[in-house]
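Under this note's numbering, the residue at position 6 of the sequence shown is numbered 70, and the numbers go up by one with no gaps.
All C-beta atoms in this analysis are idealised placements derived from N, C-alpha and C, irrespective of residue type, glycine included.
What follows is one structure encoded as structure tokens, with my remarks underneath.
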Amino acid sequence: MKKEKLEKLYDRIAQLTEEPYVTGVGNVDAKILLIGEAPGAREVKLGEPFVGQAGKILDEFLDILEIQREDLFITNVVKIRPFKINKRTGKKNNRPPTQDEIDIFSNILFEEINIICPKIIIPLGNTPLRCIMNDNTLTIGNMHGKLLKKDNVPVFPLYHPAATIHNQNLKGTYLTDLDKLKQIIGNI
65 MKKEKLEKLY
75 DRIAQLTEEP
85 YVTGVGNVDA
95 KILLIGEAPG
105 AREVKLGEPF
115 VGQAGKILDE
125 FLDILEIQRE
135 DLFITNVVKI
145 RPFKINKRTG
155 KKNNRPPTQD
165 EIDIFSNILF
175 EEINIICPKI
185 IIPLGNTPLR
195 CIMNDNTLTI
205 GNMHGKLLKK
215 DNVPVFPLYH
225 PAATIHNQNL
235 KGTYLTDLDK
245 LKQIIGNI
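Here is the structure:
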């Protein structure tokens, strides 16, 4: 039932964009929903979220939590790869999604949440945090590791795994947040 609802939902994405898109994947009966910002080049190529460099780091964090990908549902706020063309090389580079792109895909995200009915939502970074909480003033720097609520569902924001690539100092913070999350997950 849930799979069919998701398939119908994802069929609507083709009406929103001509770009290749990446839908959510995982266990449709998952208690835990992870939400990223948008797919990168590798995700678009393979058609799955978090399969690039950030995905490898995410897998390390899931090991710490003693959770398998099969136990989760993983999706992104924006289903297409936001990119800009590098004027020097002519190649596509990732960029943060625009508010218009977020607005276009946020309804899809909220329908995914309604179909999956997770027991906890884990936004990874600013974009999913702001989208889920409907508050563009929130920052992951201020909200990571704090238990929030949205429509009576616990929300536990974490830095995006890629943030630890760019800032090694975040690794300790991330591990502390994962310890808190592990306790919370143990109680749901």
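**Asked** Mapping DSSP to helix, strand and coil, what is Leu211?
**Response** If DSSP states are grouped into helix, strand and coil, Leu211 belongs with coil.
**Prompt:** In its own chain, which residues sit with a C-beta less than 7 Å from the C-beta of Asp150, not counting the 5 before and 5 after it?
**Reply:** Before going on, a small fix: residue 150 reads as Asn here, not Asp. The residues are Asn157.
**Message:** Applying the 10 Å Cβ sphere with the 16-neighbour rule, what's the burial state of Phe93?
**Reply:** Strictly speaking, residue 93 in this sequence is Asp, with Phe absent from that position. Exposed.
**Item:** Separation of Gly116 from Ile200, as counted between CA atoms
**Value:** First, the residue type needs correcting, since residue 200 is Asn and not Ile in the sequence shown. When the Cα atoms are used, Asn200 and Gly116 turn out to be separated by approximately 27 Å.
**Item:** For Ile177, the three-state DSSP class (helix, strand or coil)
**Value:** Here DSSP, grouped into helix, strand and coil, assigns Ile177 to helix.
**Prompt:** Apart from the five residues on each side of it in sequence, which residues of its chain come closer than 7 Å, Cβ to Cβ, to Leu122?
**Reply:** Hits under 7 Å: Phe114, Pro225.
**Asked** Would you say Ile131 and Ile184 are within 8 Å of each other, going by their C-beta atoms?
**Response** Contact flag unset, no.
**Message:** Going by DSSP, what residue range makes up the alpha helix (DSSP H) through Leu110?
**Reply:** 105-110 is the span of the alpha helix (DSSP H), which, as asked, contains Leu110.
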